[in-house]
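Trainee: Protein chains in written order, with my numbering: chain A, 4 to 515; chain B, 741 to 1368. Even glycine gets a Cβ: it sits at the ideal position worked out from N, Cα and C. What you are looking at is a predicted structure, and each value in this text was computed from that prediction instead of being measured. Before I ask anything, here is the structure I am working with.
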Amino acid sequence: MRIPTPIIEYALILPMLIVFGAAVLSVGFEAFISNKYRRQSQVLLTVSALALALIALIIVGNTNARSLAVEGTIAFDGPGVFMQFIILLSSILATLIMAERRVDPAGDAFAPRASAVAGSEDEVIVTKMGLVQTEVWPLLLFSVSGMLLFVSANDFLVLFVGLEVMSLPLYLLAAMARRRRLLSQEAALKYFLLGAFASAILLFGIALTYAYTGELNFGAVSAGISANNNAAGLLTVAVGLVAVGLLFKVGAVPFHQWVPDVYTGSATVVTAFMASAVKVAAIGGLLRAFFVAYGGYAWDWRPLFWAVAILTMLVGSIVALSQIDVKRMLAYSSIANGGFILIGFASTSRAGTAAILFYLLTYSLATIGAFALVTLVRDPSGEANNITRWKGLGKKSPLMAGLFGFYLLSFAGIPLTSGFVAKFTIFVAAVAGGALPLVLVGVVASVIAAFFYIRIIILMFFSDPDPDGPVVVVPSKITAGAIAFTSVASAVLGVFPQWVIDYVSSVSVFLR
Amino acid sequence: MILQPATGIFTFTWVLVALPLLGAFLILVFGKQLKKIAPYLAIALSSSSFVLGFIMFLQMRTRPAGERGFVSNVYQWISSGSLDVSFGLQLDQLSIAFVLLITFVGTMIHIYSLGYMEHDENRGRFFGYLNLFVAAMLLLVLADNYLLLYVGWEGVGLASYLLIGFWQNKHSAATAAKKAFVVNRVGDFGLSLAIMTMFLAFGSFSFSAVNAGMQNAQDWLALTIGLLLLLAAAGKSAQFPLQSWLLDAMEGPTPVSALIHAATMVTAGVYLIVRSASIFNASEAARNAVIIVGAISLIAGAIIGAAKEDIKKSLAGSTMSQIGFMILAAGLGPVGYVFAILHLITHGFFKAVMFLGAGSVMHATNDNVNMRRYGGLSKLMIFTFTTFMVGYLAIIGIPPFAGFYSKEYILEAAFSHSIWVGLIALFGAGLTAFYMTRMVIWTFLSPPRWEDGVHPHESPKSMTIPMIVLAIGAAVIGFALTYNHVFEEWLEPVTGFEKPNAPISVFALTILTLTVVAAGVIFAIYRYRTISPTTPQEVSFLTQAARKDLYGDVANETLLMRPGQKVTKGLVTFDEKAIDGTFLGVANMVWSASRLLRQTSTGYVRSYAAYIVGGTLLVMFLLLIARL
């Protein structure tokens, strides 16, 4: 028997190959470069590989026609390229703030050794030995390459491989926070156990889909569903299990419980990465699986997405109200934002896709900016995450508090911010798709959410600061640059959104 | 007239607004670093706007009359489905006239302020506010829709508030600023209601859509919008019954009074009415309301001006009265629009001259504003006196000074509307001659009654030169604009124009007017042969009333403030009991829900996994329901 050689369009997957190659190279750095130079080399490699991949993506995206690649398992289409773009951009920004060493007097945000509790004898010794945690960089690169694969997968096997390559490094990254070691390790273990559980459910759903259609390729699955009218119960279970597995990654209610724990336990810079790039990837996979593979079955799964979207928006917004930890509050805000994005699933139209793409871009930029600012408010023992400690921050550091207030207003969806435009476009698409009740719930949830965002603004600007309150650290130019970029980009997306809206509308067609 | 997309130099219309806005931004943000150069920066930017506006004006003149209007879309925020929020600028014959007036007079007053504010510590900030005002005023007259006009409208209100209260440590200034702000809110409320009504009726804010919609609109709609716009105009232009703030606004620095409270901002109401010509053309009742408001303000302002001893307040009364002239003219319809704008421009020059002259006099007498303590300044302040006299001759309407032409045309139009309106306007012209003569005698021509230690002297060049320039304008601009009917032909495509058709001949009307004016002058000379340096108490009822602004504040308090306070109190009770109660109830419910849901976050992996299982069952359930 002859097995034909697969045709691989290397040009179209060049960005993925660059990141993946850099990840492998980075493992080599870990083994062969001496302690002294390792950190610098790893950071340099990571940033330049991601930047190179971004440039390659822009060139490849502009010069090649949209098509399926690698025997139809990878979709090189408008939404895929745009989501890869968001992932690479937010990964670069996340890398920049991860490389920060100025804000924590002890060094970067990662524990030099698993056993070294912050402030302990161990840490002092390890620091004296000059040990630093550099394994975060190859892990980050592997995770990013998994995400790039995940959002452009056109085949359930590739989707699953992408998911695992993306997730496994994340479990480790979550465990590496320098401060609050136990919380960090607990978060990682929870994330791993629940993630494995969800992966198993997803895999089972994929297997049942295969059982029903005999296909794994999205296009073929879609054709198989419309051709086959028997044993629909099997398909129902298959779709349900795949939905659960992917909604878990999105952090949709009721599969959201890991989100606050993991976001709070991880180092804040890692949380920024998870809340932006990982969220984008998760939505991307969900979007492709349900718009392409199960697109013909939309009448049956749409009520499910309605219910999940309503639950996610309401639970996310309501529970955020009673949070007293800034990171936990932002985690619930992230959940609620996931719910708003799910409104876009109410209409499997181009407008819905375009609105989701725009939302993802604005949301990931604002999220990185907000979390980067959280790292700057510090007590002697680490970040001051308790909201009451932020009292009167506007008087201590008007710039920091002003920017944080700007992001909060954007999350709350105040007009002329990017958050408003994003919510507005998604609502418009949903109304056009006949999901008016969903939009009404969305508006109610926005009002509830606005309450806790504005509460923080009031706390920052209209209370007197504690004399022994936290200080706002001035970061290095790199972090400052990342914050400046996200702020300017968010402002531009709020004030001049039309050209980006036009652009995402032009790239919102999925290939199958 | 059909507007065209902007081409060539007209695509830079936005720069007219951007230049002074940039100045305001730089000066107000980097005030400390720019302390030395701030005034010069402000002057440079405001004069650049003038130069650019002038070039545009010359370009416009080379084009045929019907093709002089341009729209440029400056900024589109979002265009999605039925919501299209975009902002455009409209440059046509009417707006360019305002652009030239605002930037020219504005620049002159910037220069004057160099000398006037020389010793003020915060003068950088002052120039920043002046630039802000110029930018907002230009936005107001360049907007191509009512919404953007409203932004400019609020912008000039803000700048006016900041400038009236510029000397914050002066209690009366702070109070006056607040009063101006509050009274203006009443007018602004009218404007916002008018805009909402237009949007409801025509689905758009733009002038062109409203004009088109008015073609077949019903009477009541035109009347409603017209009256709301009139309320807005009365607030901004200090017309009856919202006039009270203008007299108090004189607490601000004098250049501010000249620029904002005489030449430009207070005339925005006239602009609004003329710009909305299509609305007023459609409703005679609305036009009559405009005429009545204008006539009352015309007479009341003149009476107040004749009783005040404070030179600036007397001038403020005069401003109210002169704007009354313009509003009255605008209320006459197509026969009067052009002349309202003509009088607005000539008034911009001669009133600015007189305010700057008053400032110069105050500068010379240790900031005294009481005319009873002036006198004999004509020989000591020769430039101030000469320029003030030019302004005086212009305002009372002696040919060939500017006011003669504009006022004469308004009288002609008023007489052709009805004999009674004409007679009221004529009476106003006589009163004007009386109180202005009084001012000139008290200030310059009578024997000195100075306070101890006052040594009057002429002001520095930076102050006299702008006065001379503006005085030349006040002398010639009336003739220049009316020669061969250029101004009527210029504005006709925008506002429409009908030739006035007065029952008496133009020549006879001119003689009649000059006679009335001469009577006013002679009566004033006879009346003020001697002037007491203290205020006499035994005066007629009318004088007493006029000294108290004709009881404007008393009326405001009894008619508006007290009932307003009662309504507010009632609303507060309602708000606390009903609305807050409901709101807090809902908020408490959400809060309890939050606490309750938070309990599900136990921290145990086993419960989280159980939720996932439960969620999976829920998902299956939903999918099965969908299949049924």
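Under a three-way DSSP split, which group does aspartate 80 (chain A) fall into?
Mentor: Coil.
Trainee: For alanine 1333 (chain B), go through chain A and note every residue whose CB falls closer than 7 Å to its CB, in chain order.
Mentor: Those within 7 Å of alanine 1333 (chain B) in chain A are Ile321.
Trainee: In three-state terms, what does DSSP make of glutamine 833 (chain B)?
Mentor: Helix.
Trainee: Leaving out five residues before and five after leucine 364 (chain A) in sequence, what residues of the same chain have Cβ atoms less than 6 Å from its Cβ?
Mentor: Closer than 6 Å at the Cβ level, and outside the excluded window around leucine 364 (chain A), lie Ile89.
Trainee: Nearest CA to the CA of leucine 17 (chain A): which residue from A:Ser466, A:Ile62, A:Ile10, A:Met101?
Mentor: For leucine 17 (chain A), the nearest C-alpha among the options comes from A:Ile62.
Trainee: Could you tell me which whole alpha helix (DSSP H) segments of length 4 or greater appear in the region 836–916 of chain B?
Mentor: Here the runs fully enclosed are 863–882, 886–904.
Trainee: For tryptophan 817 (chain B), name the three-state secondary structure that DSSP assigns.
Mentor: Looking at tryptophan 817 (chain B) - three-state DSSP - the assignment turns out to be strand.
Trainee: Using a beta-carbon distance below 7 Å, is phenylalanine 200 (chain A) in contact with chain B?
Mentor: Yes, contact with chain B.
Trainee: Round the Cβ separation of glycine 165 (chain A) and glycine 149 (chain A) to the nearest angstrom and send it over; I've been treating them as touching at under 8 Å.
Mentor: Their Cβ separation, rounded to whole angstroms, is 5 Å, which keeps glycine 165 (chain A) and glycine 149 (chain A) in contact under 8 Å.
Trainee: Please state the DSSP three-state secondary structure of glutamate 386 (chain A).
Mentor: Strand.
Trainee: Once DSSP output is grouped into helix, strand and coil, what is the label at asparagine 231 (chain A)?
Mentor: Of the three classes helix, strand and coil, the one that applies to asparagine 231 (chain A) here is coil, per DSSP.
Trainee: Of all the options B:Tyr852, B:Ile1000, B:Leu1364, which has the alpha carbon lying nearest to the alpha carbon of histidine 1087 (chain B)?
Mentor: Closest by alpha carbon: B:Ile1000.
Trainee: If contacts are defined as beta-carbon pairs under 8 Å, then alanine 778 (chain B) and glycine 846 (chain B) qualify, I think. What distance do you get, rounded to the angstrom?
Mentor: Actually they are not in contact, since the Cβ atoms of alanine 778 (chain B) and glycine 846 (chain B) sit about 16 Å apart, beyond 8 Å.
Trainee: Mind listing which residues of the region 455–489 of chain A have their C-beta closer than 7 Å to chain B's C-betas, in chain order?
Mentor: If the cut-off is 7 Å between Cβ atoms, the region 455–489 of chain A has nothing near chain B.
Trainee: CA-CA distance, glutamate 1232 (chain B) and isoleucine 1265 (chain B)?
Mentor: Rounded to the nearest angstrom, the two C-alpha atoms are 42 Å apart.
Trainee: Which two residues bound the contiguous beta strand (DSSP E) that contains alanine 957 (chain B)?
Mentor: Taken as a continuous stretch (DSSP letters only), alanine 957 (chain B) belongs to no beta strand (DSSP E), as it is neither H nor E.
Trainee: Listed from N- to C-terminal order along the chain, which residues in the region 322–352 of chain A have their beta-carbon within a distance smaller than 7 Å of any beta-carbon of chain B?
Mentor: For the region 322–352 of chain A, which is checked against every Cβ of chain B, the residues closer than 7 Å are Val322, Leu324, Ser325.
Trainee: Taking the alpha-carbon positions, what's the alanine 223 (chain A) to phenylalanine 294 (chain A) distance?
Mentor: So the alpha carbons of these two residues sit roughly 13 Å apart.
Trainee: Could you check whether the Cβ of methionine 1329 (chain B) sits closer than 7 Å to any Cβ belonging to chain A?
Mentor: It does not: the Cβ of methionine 1329 (chain B) has no partner Cβ on chain A nearer than 7 Å.
Trainee: Closest Cβ-Cβ distance between proline 115 (chain A) and chain B: below 7 Å?
Mentor: No, its Cβ sits nowhere closer than 7 Å to a Cβ of chain B.
Trainee: Run through chain A and tell me which residues come within less than 8 Å of threonine 1322 (chain B), C-beta to C-beta.
Mentor: Residues of chain A passing the Cβ test: none, with the nearest at roughly 14 Å.
Trainee: Would you give the residue range spanned by the beta strand (DSSP E) that valine 1215 (chain B) belongs to?
Mentor: Just to set this straight, residue 1215 (chain B) is alanine in the shown sequence, not valine. Per DSSP, alanine 1215 (chain B) belongs to no beta strand (DSSP E); it is in the alpha helix (DSSP H), 1201–1222.
Trainee: Measuring CB to CB, does serine 352 (chain A) end up less than 7 Å from glycine 298 (chain A)?
Mentor: No, the Cβ-Cβ distance between serine 352 (chain A) and glycine 298 (chain A) is not below 7 Å.
Trainee: Do leucine 1171 (chain B) and alanine 1035 (chain B) have their CB atoms nearer than 7 Å?
Mentor: No, they are not a contact pair.
Trainee: Assuming alanine 375 (chain A) and alanine 270 (chain A) form a contact by the criterion Cβ under 8 Å, report the distance between their Cβ atoms to the nearest whole angstrom.
Mentor: In fact, because the Cβ distance is near 12 Å, the residues do not count as touching under 8 Å.
Trainee: Which residue wins for smallest C-alpha separation from aspartate 328 (chain A), given the options A:Thr267, A:Thr428, A:Leu314?
Mentor: Closest option to aspartate 328 (chain A), Cα to Cα, is A:Thr267.
Trainee: Using Cβ-Cβ distances below 7 Å, what residues of the region 257–282 of chain A are close to chain B?
Mentor: Listed by position, the residues of the region 257–282 of chain A near chain B (Cβ gap below 7 Å) are Pro257, Phe258, Gln260, Trp261, Pro263, Asp264.
Trainee: Could you check which residue in B:Leu887, B:Gly868, B:Leu931, B:Leu882 has the C-alpha nearest to that of serine 900 (chain B)?
Mentor: Ranking the options by Cα distance to serine 900 (chain B), first place goes to B:Gly868.
Trainee: What does DSSP give as the partner residues of asparagine 1110 (chain B) in its beta bridges?
Mentor: Note: asparagine 1110 (chain B) sits in a beta bridge opposite B:Asp1050.
Trainee: Hey, which unbroken runs of the beta strand (DSSP E) at 3 residues or more fall wholly within the region 293–366 of chain A?
Mentor: If we require 3 residues or more, the region 293–366 of chain A turns out to have no beta strand (DSSP E) run fully inside it.
Trainee: Could you say which of A:Pro7, A:Ile95, A:Arg69 lies nearest to threonine 49 (chain A) if we only look at CA atoms?
Mentor: For the residues A:Pro7, A:Ile95, A:Arg69, the minimum Cα distance to threonine 49 (chain A) belongs to A:Ile95.
Trainee: For the structure I just gave you, are there three or more beta carbon pairs, one from the region 345–360 of chain A and one from the region 503–513 of chain A, closer than 8 Å?
Mentor: With a cut-off of 8 Å, the region 503–513 of chain A and the region 345–360 of chain A count as touching, because enough Cβ pairs lie within range.
Trainee: Along the chain, where does the beta strand (DSSP E) containing alanine 121 (chain A) start, and where does it finish?
Mentor: Counting along the chain, alanine 121 (chain A) falls outside any beta strand (DSSP E), and DSSP gives it neither H nor E.
Trainee: Over what stretch of residues does the alpha helix (DSSP H) that includes serine 1156 (chain B) continue unbroken?
Mentor: First-last of the alpha helix (DSSP H) with serine 1156 (chain B): 1142–1157.
Trainee: Which residues share a DSSP beta bridge with valine 424 (chain A)?
Mentor: The partner list for valine 424 (chain A) (beta bridge, DSSP) is empty, contrary to what the question assumes.
Trainee: Once the 5 residues before and after valine 1006 (chain B) are set aside, which same chain residues still bring their CB inside 8 Å of it?
Mentor: Taken in chain order, the residues that qualify are Lys976, Ser977, Ala978, Leu986, Ile1000, Thr1059, Ile1063.
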